[in-house]
Amino acid sequence: MTLIRFFQRSLSLALPLATCLAQAAPFEMAVSPSRFELTAKSGERLGQSIDLHNLGAAATALSVRTLDWSYSAEGQISYHDELLPGSCRPWVALERRTVKVPAQTKQAFRFQVTPPADAPRGECRFMIAVEGVEPAQQTIIQSGGAHLSLPVTGRIAVAVYVMLGGAEPKLEVQQIGMREIAGKRSPALTVRNTGDAHGRLEGTVDAKDAQGREFMLAVEGTPIMPGQTRHLALVPKGEDGQPAIQPRYPIKASGMLDWDKGSFKLNAEFP
Amino acid sequence: MNPLRGPRTRMRPLLALALAAVSAAAQAGSATSGTGNLPRTTPAVALNFSIQIDKYLFFRVGDGAWPTPGGTTSQVGFSLSPSIPAVPTTPANGNNTPVNWNGTAPTFAVAASGNVLPVEVRSNGGQVSVFATVTTALTSGANTIPMNVVSVTSSDSALPAPTIPASGTGTSVNVTGGGTGTVNSLVTIRTANWTFAYNSAVSRTAGNYSGQLSFTAAVP
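Those protein sequences? They're chains A and B, same order as listed.
If you read the first sequence in the numbering used here, its first letter stands for residue 6, the second for the next number, and so on.
If you read the second sequence in the numbering used here, its first letter stands for residue 8, the second for the next number, and so on.
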């Protein structure tokens, strides 16, 4: 049985199951870790497990499958049920296609990634989608002659990055300045990744605004995919659940921002 | 030979070790001492902590409030009442009653009830993204309604509701970090109520339509 047929069969089994179990219950799941960033060698099997926590009052039936995904320079995720060209999902083996987690307990779910011996250096990315089989909410729309039933289900997607054959990011800061990000003018860094694996910046820098107020600026920690150039916002960091301050410009900022293979020194004024 | 002698003899080194341990503990516990033979200073005692906090992501769709589990499932309903335009003649009740009609399409008034979906996101793993997927299209026999006739809005802009696509996967929205109970804005604790609405601007073929929608949270 080919792997594609294997996935097709698993999907065809999962759908009737979803139809049969129509009783709604809230979806209250947590996963840990929420993301895997792994290294592997071609031809070697890599085993990992995800802890699935059910915080609900009833057992929750879950269907588990893999998804392809991509991440745009604008920070938008796209998900694909179908295999994308170059997908490494055929290398992935899941412990089971469905799992039932009893109420208020956690359960480990194992998966393996086996890159073939001739797999080239690079990064393999996929998501493991953990989806409630039972709908979390039933939406019903009725009219005189029409009836609309719309169950809603919850799902968590766990990102898995496998850096193969020594693949690694290579980040460089190209520009520092003010930018329009998500409809808001914000201090930002323009970062390019010339490596062959994703990278991300982490950390905070000290900042002082025009009124002399001191605060921290946290860099957006979203991934920069190989070959991408992204604008990453520097966002005032809120403390103790309080909203972050709205700084008055200009802002002076200085400090170090880290990435996997080094760090960047930032010393800038944002007008 | 006294059978107890052997064991007593063996206990001596143990006792000596225990006394030495107590003595060391006493020295460590008293940083200063004024009299006697006790030392005035003690060597520093290193106590190394290693705490590992894994990244996690929690997503709740439906009622409930952390850490109390939910249980009651809300039922969302929309009632659509068609109304024929009342100009030039007001529609009359009854069978076989002719009325004048200017040809304008009937409109549907939507009365929503319980159309609120409580959601919650918690994570310490970074930027959380949420998106909607049309798992099964809204179909009734050969008729299909694009899923984007149903829209959803959030009570809190920090946990925005993703746009519902006509089919397939919609665009993702980002959840703002922080929230009540967080140590800082790098951790996310957000709750919101997402309210569904039905766009009745276009008349639909009567029938029983069923489909499925799923909301996904991820930390890419």
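The C-beta atom is built at its ideal place from N, Cα and C for all residues, glycine as well.
Integer Cβ distance of residue i from residue j, believed to fall under 8 Å
i, j, result
"F203 (chain B)", "R129 (chain B)", "Contact flag wrong, Cβ pair sits at about 23 Å."
"A224 (chain B)", "W201 (chain B)", "Wrong, their Cβ atoms sit about 13 Å apart, outside the cutoff."
"T183 (chain B)", "A165 (chain B)", "4 Å"
"G226 (chain A)", "R205 (chain A)", "5 Å"
Residue i vs residue j beta-carbon contact at 9 Å
i, j, result
"L57 (chain A)", "M34 (chain A)", "yes"
"F222 (chain B)", "G159 (chain A)", "yes"
"S5 (chain A)", "A187 (chain A)", "Beyond the ends of chain A as shown, which are 6 and 276, falls residue 5 (chain A); an answer cannot be given."
"Y63 (chain B)", "N150 (chain B)", "no"
"A64 (chain A)", "K105 (chain A)", "yes"
"F41 (chain A)", "V167 (chain A)", "yes"
"G214 (chain B)", "L60 (chain A)", "no"
"D163 (chain B)", "T187 (chain B)", "no"
"H203 (chain A)", "P174 (chain A)", "yes"
Alpha-carbon spacing of residue i relative to residue j, whole angstroms
i, j, result
"V135 (chain A)", "L67 (chain A)", "6 Å"
"S259 (chain A)", "D214 (chain A)", "12 Å"
"P227 (chain B)", "V240 (chain A)", "19 Å"
"A35 (chain B)", "L262 (chain A)", "Note that A35 (chain B) scores a pLDDT of 43, beneath 50, so its modelled location is shaky and nothing firm can be said."
"Y84 (chain A)", "L176 (chain A)", "25 Å"
"A122 (chain A)", "F138 (chain B)", "36 Å"
"R211 (chain B)", "G218 (chain B)", "15 Å"
"T142 (chain B)", "N181 (chain B)", "21 Å"
"P276 (chain A)", "A238 (chain A)", "15 Å"
"P231 (chain A)", "A78 (chain A)", "11 Å"
"L155 (chain A)", "G208 (chain A)", "42 Å"
"V97 (chain A)", "Q180 (chain A)", "39 Å"
"L220 (chain B)", "P140 (chain A)", "9 Å"
"A229 (chain A)", "R235 (chain A)", "This sequence places Ile at residue 229 (chain A); Ala is not what is there. About 7 Å."
"Y216 (chain B)", "Q251 (chain A)", "47 Å"
"V209 (chain B)", "R253 (chain A)", "47 Å"
"G267 (chain A)", "S147 (chain B)", "57 Å"
"G110 (chain B)", "T104 (chain B)", "17 Å"
"A27 (chain A)", "V118 (chain A)", "Per-residue confidence for A27 (chain A) stands at a pLDDT of 43, beneath the threshold of 50, marking its modelled position as unreliable; the derived number appears in the next sentence. Looking at the two C-alpha atoms, the distance is approximately 33 Å."
"K270 (chain A)", "D211 (chain A)", "12 Å"
"K189 (chain A)", "R102 (chain A)", "42 Å"
"E128 (chain A)", "Q53 (chain A)", "17 Å"
"M183 (chain A)", "V196 (chain A)", "14 Å"
"I196 (chain B)", "K242 (chain A)", "15 Å"
"L88 (chain A)", "A124 (chain A)", "17 Å"
"A30 (chain A)", "V138 (chain A)", "10 Å"
"A62 (chain A)", "A108 (chain A)", "5 Å"
"V224 (chain A)", "E185 (chain A)", "15 Å"
"T49 (chain B)", "I58 (chain B)", "28 Å"
"G101 (chain B)", "S207 (chain B)", "26 Å"
"I55 (chain A)", "F56 (chain B)", "26 Å"
"N107 (chain B)", "D73 (chain A)", "57 Å"
Closest Cα partner of residue i within the set the options
i, options, result
"V68 (chain B)", "A:V157, A:V106, A:L237, A:P90", "A:V157"
"R126 (chain A)", "A:A162, A:P255, A:S47", "A:S47"
"P120 (chain A)", "A:V210, A:T44, A:R253, A:S37", "A:T44"
"Y205 (chain B)", "B:I152, B:I196, B:G214", "B:I152"
"F116 (chain A)", "A:S154, A:T71, A:D86, A:L88", "A:T71"
"I171 (chain B)", "B:N102, B:N155, B:T183", "B:N155"
"I60 (chain B)", "B:V135, B:T140, B:V157, B:V194", "B:V194"
"Q81 (chain A)", "B:N122, B:G177, B:T49, B:V159", "B:G177"
"S174 (chain B)", "B:A199, B:R197, B:L145", "B:L145"
"E274 (chain A)", "A:L194, A:Y76, A:G137", "A:L194"
"W264 (chain A)", "A:N198, A:E87, A:A124", "A:N198"
"N230 (chain B)", "A:L222, A:R218, A:E173, A:Q53", "In the structure displayed, chain B extends from 8 to 227; residue 230 (chain B) sits before or after that span and is not available."
"G91 (chain A)", "A:A249, A:R253, A:S75, A:Q247", "A:S75"
"F114 (chain A)", "A:E100, A:A124, A:H203", "A:E100"
"A162 (chain A)", "A:R218, A:E185, A:V36, A:Q247", "A:V36"
"T160 (chain B)", "B:N100, B:G133, B:V126", "B:V126"
"G133 (chain B)", "B:N107, B:G185, B:V52", "B:G185"
"R94 (chain A)", "A:P107, A:M132, A:A108, A:G217", "A:M132"
"V135 (chain B)", "B:S179, B:A51, B:G101, B:L124", "B:S179"
"E49 (chain A)", "A:L169, A:R130, A:D86, A:P255", "A:L169"
"P255 (chain A)", "A:L88, A:R218, A:V138", "A:R218"
"E244 (chain A)", "A:V224, A:K257, A:F220", "A:F220"
"N122 (chain B)", "B:N100, B:S158, B:G101", "B:S158"
"P303 (chain A)", "A:I55, A:A124, A:K257", "Outside the displayed span of chain A (6 to 276) sits residue 303 (chain A), for which this structure offers no information."
"L124 (chain B)", "A:F32, A:V69, A:D86, A:D73", "A:F32"
Ordered list of beta strand (DSSP E) runs contained in the stretch 103-131 of chain A, each at least 3 residues: 103-106, 110-118
Uninterrupted beta strand (DSSP E) stretches inside the stretch 141-167 of chain B (no shorter than 3 residues): 150-152, 157-161
Entirely enclosed beta strand (DSSP E) segments - the stretch 214-254 of chain A, minimum 3 residues: 219-224, 234-241
3-residue-minimum beta strand (DSSP E) runs that sit fully inside the stretch 170-208 of chain B, ordered along the chain: 180-182, 195-205
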